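See below for the structure under consideration.
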DNA sequence: AAGGCGGGGGA
DNA sequence: TCCCCAGCCTT
């Protein structure tokens, strides 16, 4: 779809004017260095601004430069990331920092290929960094831009299909203002976040309402078409909170997969057909070489995770002597749990087993 | 091309 | 409840 020059000019002028008046004050906007923009973009992947904000401030205090981040232990990076989710982002961030610090002389890549070579940087994040930090006319397409463009041009069809993505990226490329690419791209996203919202858009406040084909059709909220939802699956877990000398035992999850690299109470997924306590005892014996642990039920913890509905059966046991069951296990005081790289679910389990 | 990956916010 | 969020990576 080739846009008429006057349409492009009008959209640019209206969006940039609106953005100048209505943009939120955000820490990565006041000082858009490549490092700050990169960090913010990674944190904002599938994450709302309000959620990422406090994490960004803490992160910048702890690791003010890419070299500081590269020199940090991954475990400390994961600790600061704990609770934000999608933990591969933190692992990729740390890996990319070491690449920038050690292979690129501390200089951020300023080309599409250079940025795309960094782990955790895809087409969107590369475009955001190029346009916002380096003032280059690179397009971006995220969830906000997808919604705004789908409505502006009343796009039919699945925006996530290959054809839909090609069309969106083509439109974004035509529209991005080469004079102010960073402001234009951020204006598109800001509009999607603040005005052109998913359920009930505020079309009365929209600077491009006059041009909006979906609004002209009378049903802007019908665009883009709703995505089909994957079925919710139930998952049953058993977890043991082992105590000794007022400390509890944590193990570390493997680096890949869900909650990769985080610490947790020893536990496992239990098939519906199996006894939770039997599965737990077998796991403690095989993995931690713990025999004859007297497990007492504490109760159940429920946790919702994406399209998963988890039920955790929590047990506790006192271990008389302070044995070290294996190398990846660690005893910690309950008061220190908040300063470790553990998931929200592990916090919930701790509350259930140890009290507030 | 499809799924997996966390957790929170809003309707 | 259900959908969505400044997406990316693996299979």
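In the working numbering, the protein residues as written are 1 to 356.
C-beta atoms are modelled at their ideal positions from N, C-alpha and C, and glycine is treated no differently.
Here the structure is a predicted model, which is why all the values come from computation and not from measurement.
- Message: Extract the residue ranges of the alpha helix (DSSP H) inside the segment 256-321, only unbroken runs of 4 or more that lie entirely within it.
- Response: 276-288
- Query: Given residue 37, which residues of its chain have a CB within under 8 angstroms of its CB, disregarding the five upstream and five downstream residues?
  - Reply: Reading the first chain from its first residue, position 37 is the one you call residue 37. Excluding positions up to five away in sequence, the list reads 28, 128, 129, 132 and 133.
- Can you name, in chain order, every residue of its own chain whose Cβ lies under 7 angstroms from the Cβ of residue 106, other than the five neighbours on each side? Numbered from 1 along the first chain, position 106 holds the residue referred to as residue 106. Closer than 7 angstroms at Cβ, skipping near neighbours: 66, 67 and 100.
- Roughly how many angstroms separate the alpha carbons of residue 217 and residue 211, rounded to a whole number? Looking up residue 217 in the first chain gives position 217. Looking up residue 211 in the first chain gives position 211. Computed Cα separation, rounded: 12 angstroms.
- In the segment 139-188, which residue ranges form an unbroken alpha helix (DSSP H) of at least 4 residues, counting only runs that do not cross its ends? 143-152 and 162-175
- Spatial neighbours of residue 262 in its chain, beta-carbon cut-off 6 angstroms, leaving aside the 5 residues before and after: Start at 1 with the first residue of the first chain, and residue 262 comes out as number 262. Taken in chain order, the residues that qualify are 253, 341, 342 and 343.
- Query: Less than 7 angstroms separating the beta-carbons of residue 318 and residue 243?
  - Reply: Looking up residue 318 in the first chain gives position 318. Looking up residue 243 in the first chain gives position 243. Against a cut-off of 7 angstroms, the Cβ pair of residue 243 and residue 318 comes out as a contact.
- Start-to-end residues for the beta strand (DSSP E) that takes in residue 241: Here residue 241 corresponds to residue number 241 of the first chain, with the count starting at 1. Residue 241 -> beta strand (DSSP E) spans 233-244.
- Supposed contact pair residue 265 and residue 241 - C-beta distance, whole angstroms, cut 8 angstroms: Here residue 241 refers to the residue found at position 241 when the first chain is read from its first residue. Here residue 265 refers to the residue found at position 265 when the first chain is read from its first residue. Correct: roughly 5 angstroms between the Cβ atoms.
- Message: Can you give me the C-alpha to C-alpha distance between residue 123 and residue 248, rounded to a whole angstrom?
- Response: In the first chain, the residue the question calls residue 123 occupies position 123. In the first chain, the residue the question calls residue 248 occupies position 248. Approximately 43 angstroms, taken between the alpha carbons.
- Item | For residue 323, the three-state DSSP class (helix, strand or coil) | Your numbering for residue 323 matches position 323 in the first chain. In the structure shown, residue 323 sits in coil (DSSP, three-state: anything other than H, G, I, E or B).
- Query: Cα separation between residue 60 and residue 34?
  - Reply: On the first chain, residue 60 is found 60 positions in, with the first residue counted as 1. On the first chain, residue 34 is found 34 positions in, with the first residue counted as 1. Cα-Cα distance, rounded: 13 angstroms.
- With DSSP as the reference, label residue 250 as helix, strand or coil. The residue given as residue 250 occupies position 250 in the first chain. In this structure, residue 250 counts as strand in the three-state DSSP scheme.
- Query: Can you give the beta carbon distance from residue 260 to residue 40, rounded, assuming they're within the 8 angstroms contact cut?
  - Reply: Here the question's residue 260 lines up with position 260 in the first chain. Here the question's residue 40 lines up with position 40 in the first chain. About 22 angstroms; that fails the 8 angstroms criterion.
- Query: Going by beta carbon distance, what residues of the same chain come within less than 6 angstroms of residue 297, once the five residues before and after it are set aside?
  - Reply: To locate residue 297, count along the first chain from 1; it is residue 297. The answer, listed in chain order, is 315.
- Query: In the DSSP assignment, what residue or residues form a beta bridge with residue 331?
  - Reply: Position 331 of the first chain, counting from 1, holds the residue named residue 331. Per DSSP, 249.
- Rounded to whole angstroms, what's the CA-CA distance from residue 335 to residue 353? Just pull it up for me. The sequence position of residue 335 within the first chain is 335, counting from 1. The sequence position of residue 353 within the first chain is 353, counting from 1. Approximately 13 angstroms, taken between the alpha carbons.
- Task: Identify every residue that forms a DSSP beta bridge with residue 11.
- Result: In the first chain, the residue the question calls residue 11 occupies position 11. In DSSP, residue 11 forms no bridge with anything.
- Message: Rounded to whole angstroms, what is the Cα-Cα separation between residue 207 and residue 174?
- Response: If you number the first chain from 1, residue 207 lands on position 207. If you number the first chain from 1, residue 174 lands on position 174. About 19 angstroms.
- Query: What does a CB cutoff of less than 8 angstroms around residue 94 pick up in its chain, not counting 5 residues either side in sequence?
  - Reply: Here the question's residue 94 lines up with position 94 in the first chain. Only 69, 70, 72, 74 and 77 meet the Cβ criterion.
- Message: Which residue wins for smallest C-alpha separation from residue 112, given the options 125, 272 and 312?
- Response: Counting from 1 along the first chain, the entry for residue 112 is found at position 112. Nearest option by C-alpha distance: 125.
- Residue ranges of each alpha helix (DSSP H) run of no fewer than 4 residues wholly in the segment 42-77, ordered along the chain? 49-62 and 66-71
- Taking the CB atoms as reference points, tell me whether residue 285 and residue 294 lie closer together than 7 angstroms. By 1-based counting over the first chain, the position of residue 285 is 285. By 1-based counting over the first chain, the position of residue 294 is 294. Contact: no.
- 7 angstroms Cβ cutoff met for residue 150 and residue 231: On the first chain, residue 150 is found 150 positions in, with the first residue counted as 1. On the first chain, residue 231 is found 231 positions in, with the first residue counted as 1. Contact flag unset, no.
- Message: I'd like the span of the alpha helix (DSSP H) that includes residue 114, first residue to last.
- Response: Here residue 114 refers to the residue found at position 114 when the first chain is read from its first residue. Segment 112-116, the alpha helix (DSSP H) holding residue 114.
- Sequence-distant residues of the same chain with beta carbon closer than 8 angstroms to residue 222, five excluded per side: Residue mapping note: residue 222 aligns to position 222 of the first chain, counting from 1. So the list reads 214, once near-sequence residues are dropped.
- Report yes if the C-beta distance between residue 313 and residue 238 is below 7 angstroms; otherwise report no. Stepping through the first chain from its first residue, residue 313 is reached at position 313. Stepping through the first chain from its first residue, residue 238 is reached at position 238. Closer than 7 angstroms, so yes.
- Message: So residue 119 and residue 92 are supposed to be a Cβ contact under 8 angstroms. How far apart are they, rounded?
- Response: Looking up residue 119 in the first chain gives position 119. Looking up residue 92 in the first chain gives position 92. Indeed, because the Cβ distance is near 4 angstroms, the residues count as touching under 8 angstroms.
- Cα-Cα separation, residue 200 to residue 268: Here residue 200 is taken as the residue at index 200 of the first chain, counted from 1. Here residue 268 is taken as the residue at index 268 of the first chain, counted from 1. Each residue's alpha carbon lies about 42 angstroms from the other.
- Message: Less than 7 angstroms between the beta carbons of residue 187 and residue 15, yes or no?
- Response: On the first chain, position 187 is the one that residue 187 refers to. On the first chain, position 15 is the one that residue 15 refers to. Taking 7 angstroms as the Cβ cut-off, residue 187 and residue 15 qualify as a contacting pair.
- Alpha carbon to alpha carbon, what distance is there between residue 157 and residue 32? Your numbering for residue 32 matches position 32 in the first chain. Your numbering for residue 157 matches position 157 in the first chain. Looking at the two C-alpha atoms, the distance is approximately 36 angstroms.
- Are the Cβ atoms of residue 44 and residue 52 separated by less than 7 angstroms? Taking the first chain and counting its residues from 1, the one referred to as residue 44 is at position 44. Taking the first chain and counting its residues from 1, the one referred to as residue 52 is at position 52. Yes.
- Message: With distance defined between alpha-carbon atoms, name the residue in 86, 63 and 138 nearest to residue 255.
- Response: If you number the first chain from 1, residue 255 lands on position 255. Here the closest residue by C-alpha is 86.
- Message: Taking the alpha helix (DSSP H) that residue 92 belongs to, which residues open and close that run?
- Response: The count along the first chain starts at 1 and reaches residue 92 at position 92. Element bounds for residue 92: 88-103.
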